[in-house]
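Q:
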Amino acid sequence: MGRAGILANSTMVCAPLMARSVEQMVIDMQSAEAQGADAVEVRLDYINSFQPSQDLETIIRNKPLPVIIVYRPRWEGGQYEGDEHTRLEALRLAHELGADYIDVELKVASDLVREVKNKHQTGGKVIVSSYLSGATPSKEDLSHLVASMQATKADIIKVVSNANDITELDRIFHLLSHSEVPAVAYSLGERGLISQLLCPKFGGALVYGAMEGNSIPGLPTLDSLREAYKVENINSDTKVFGLVSKPVSHSKGPILHNPAFRHANFNGIYVPMFVDDLKEFFEVYASPDFAGYSVGFPYKEAVVQFCDEVHPLAKSIGAVNTIIRKPSDGKLIGYNTDCEGSIASIEDALKDQRYINGASLNSPLAGKQFVVVGAGGAGRAIAVGAKSRGARVIIFDIDLGQSLLLRLFLVKLNILIV
Numbered sequence: 001m002g003r004a005g006i007l008a009n010s011t012m013v014c015a016p017l018m019a020r021s022v023e024q025m026v027i028d029m030q031s032a033e034a035q036g037a038d039a040v041e042v043r044l045d046y047i048n049s050f051q052p053s054q055d056l057e058t059i060i061r062n063k064p065l066p067v068i069i070v071y072r073p074r075w076e077g078g079q080y081e082g083d084e085h086t087r088l089e090a091l092r093l094a095h096e097l098g099a100d101y102i103d104v105e106l107k108v109a110s111d112l113v114r115e116v117k118n119k120h121q122t123g124g125k126v127i128v129s130s131y132l133s134g135a136t137p138s139k140e141d142l143s144h145l146v147a148s149m150q151a152t153k154a155d156i157i158k159v160v161s162n163a164n165d166i167t168e169l170d171r172i173f174h175l176l177s178h179s180e181v182p183a184v185a186y187s188l189g190e191r192g193l194i195s196q197l198l199c200p201k202f203g204g205a206l207v208y209g210a211m212e213g214n215s216i217p218g219l220p221t222l223d224s225l226r227e228a229y230k231v232e233n234i235n236s237d238t239k240v241f242g243l244v245s246k247p248v249s250h251s252k253g254p255i256l257h258n259p260a261f262r263h264a265n266f267n268g269i270y271v272p273m274f275v276d277d278l279k280e281f282f283e284v285y286a287s288p289d290f291a292g293y294s295v296g297f298p299y300k301e302a303v304v305q306f307c308d309e310v311h312p313l314a315k316s317i318g319a320v321n322t323i324i325r326k327p328s329d330g331k332l333i334g335y336n337t338d339c340e341g342s343i344a345s346i347e348d349a350l351k352d353q354r355y356i357n358g359a360s361l362n363s364p365l366a367g368k369q370f371v372v373v374g375a376g377g378a379g380r381a382i383a384v385g386a387k388s389r390g391a392r393v394i395i396f397d398i399d400l401g402q403s404l405l406l407r408l409f410l411v412k413l414n415i416l417i418v
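With the first letter of the sequence shown counted as 1, position 331 gets the number 331 in my numbering; the numbers rise by one all the way through.
See the structure below:
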């Protein structure tokens, strides 16, 4: 279901619909409402044999939610290949018939926006959009783009880019928080995912979510927006935490940490962060709003150099899997919870073996052969923990060089690997 109760932001959750028939589009609108959407974006350019006067009336008459009508041409990344006059006439008609929003491209926006606002007093609003190819432009270039879009008298502006690096999203967040009119802005792809998830924090008008069974690359699902992330609760004070890794799609962190934040009544969100360059990432996201990170493959060892302080255990292991930003001075403090967390869990599973012939053992791992598969950061932590409990550690890794490096590292700690 959609929104209920007191909301922390005015961001709407919108489901993009790309059905091939009007009948299926109506069905999908109903499904989107049931799955928690606040609005739907109807892509006319995907409908086979689209008949504007008949089909638009059917869509608008049967809409259960506010509807955004989009008729995207091929030159702006859409499917429509006909003449411009026919396309723009369909958008005019949609506005006249009572569409809540029509979306028109910046290139052809000025005349159409002025015309529909003067001619049709339906209460419908106009979104002026721009789809950018290549990397996300600089903040200065985006500011110029936004100014030209606002000059069309758009009710809402929309900017979509392709993220080549997660650090580009800082420019998207800057756009959202500085626009003089309501704005929609995000980047596509796995690296751009947090531009959708954090949209409400920076004042975005819409966040897009895909319906169940209709996954769209780079978009979260409606279910995840409502259940895992609870985007309706995000506001400007929300603290951001996340998994720094490459890749991140496997992470179960959001469904673990976000409910824990809510249970503790803590205003935070945990998101997956696809990071290519650690140095640039920590330089760009140095704000206190970015309050902490889990660190995954392949960065647990490399990230140590970017911590201002490292906990003694993490330093002895040579790997960090948790980083917290100190609120007092913004310093990044690195910890390793892989070691104690993994070993304690294994010991707990073996707790019935703590006694042999009535004699108590310090650890059920003492004297046991302990096999570690993988010689990365987590492997280091577990090997150190197991050896400290008296286990005989054996390491397997498909990369012989990595395994030998770990062996040399542990020998320096006076830990013998058999």
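For each residue, glycine too, the CB sits at the ideal point set by N, CA and C. Computed from a predicted model, the values in this text were never measured in an experiment.
(1) Is DSSP giving Y71 helix, strand or coil here?
(2) Between the beta-carbon of D103 and the beta-carbon of K158, is there less than 8 Å?
(3) Y229 by DSSP, collapsed to three states: which one?
(4) Output the distance between the C-alpha atoms of F266 and N233, rounded to the nearest integer angstrom.
(5) Taking the alpha-carbon positions, what's the P182 to F202 distance?
(6) Counting C-beta neighbours from all protein chains within 10 Å, is the total for A344 16 or more, i.e. buried, or is it exposed?
(7) What residue ranges within the segment 230-313 form continuous beta strand (DSSP E) runs of no fewer than 3 residues, ordered along the chain?
(8) Excluding sequence positions up to five away, which residues of its chain have a Cβ less than 8 Å from the Cβ of S249?
(9) Since N162 sits in a beta bridge, which residues does DSSP pair it with?
(10) Looking at the unbroken alpha helix (DSSP H) that takes in S148, where does it start and where does it end?
(11) Distance check for T221 and S215, CA to CA, integer angstroms please.
(12) At what residues does the beta strand (DSSP E) containing R420 begin and finish?
(13) Residues in the same chain with beta-carbon distance under 6 Å from A378, minus the five sequence neighbours each way, listed in chain order, please.
(14) Rounded to the nearest angstrom, what separates S177 and Y46 at their Cα positions?
(15) Less than 8 Å between the C-beta atoms of Y299 and S251, yes or no?
(16) Just the Cα atoms here: how many angstroms apart are D100 and F297?
A: So, to answer that:
(1) Here Y71 carries a coil assignment [DSSP, helix/strand/coil].
(2) Taking 8 Å as the Cβ cut-off, D103 and K158 qualify as a contacting pair.
(3) DSSP places Y229 in the coil class of the three-state scheme, outside both helix and strand.
(4) Roughly 11 Å separates the two Cα atoms.
(5) Those two C-alpha atoms are separated by around 11 Å.
(6) Exposed, because fewer than 16 other Cβ atoms sit within 10 Å of the Cβ of A344.
(7) The qualifying runs are 239-245, 268-274 and 290-295.
(8) The residues are E190 and P272.
(9) For N162, which the question treats as bridged, DSSP gives the partners L188.
(10) Counting along the chain, the alpha helix (DSSP H) containing S148 begins and ends at K139 to Q150.
(11) So the alpha carbons of these two residues sit roughly 7 Å apart.
(12) Only positions 1 to 418 of the chain appear in the structure, and residue 420 is not among them; the question remains open.
(13) So the list reads D338, once near-sequence residues are dropped.
(14) Computed Cα separation, rounded: 32 Å.
(15) S251 sits away from Y299, with the two beta carbons spaced by 8 Å or more.
(16) Computed Cα separation, rounded: 45 Å.
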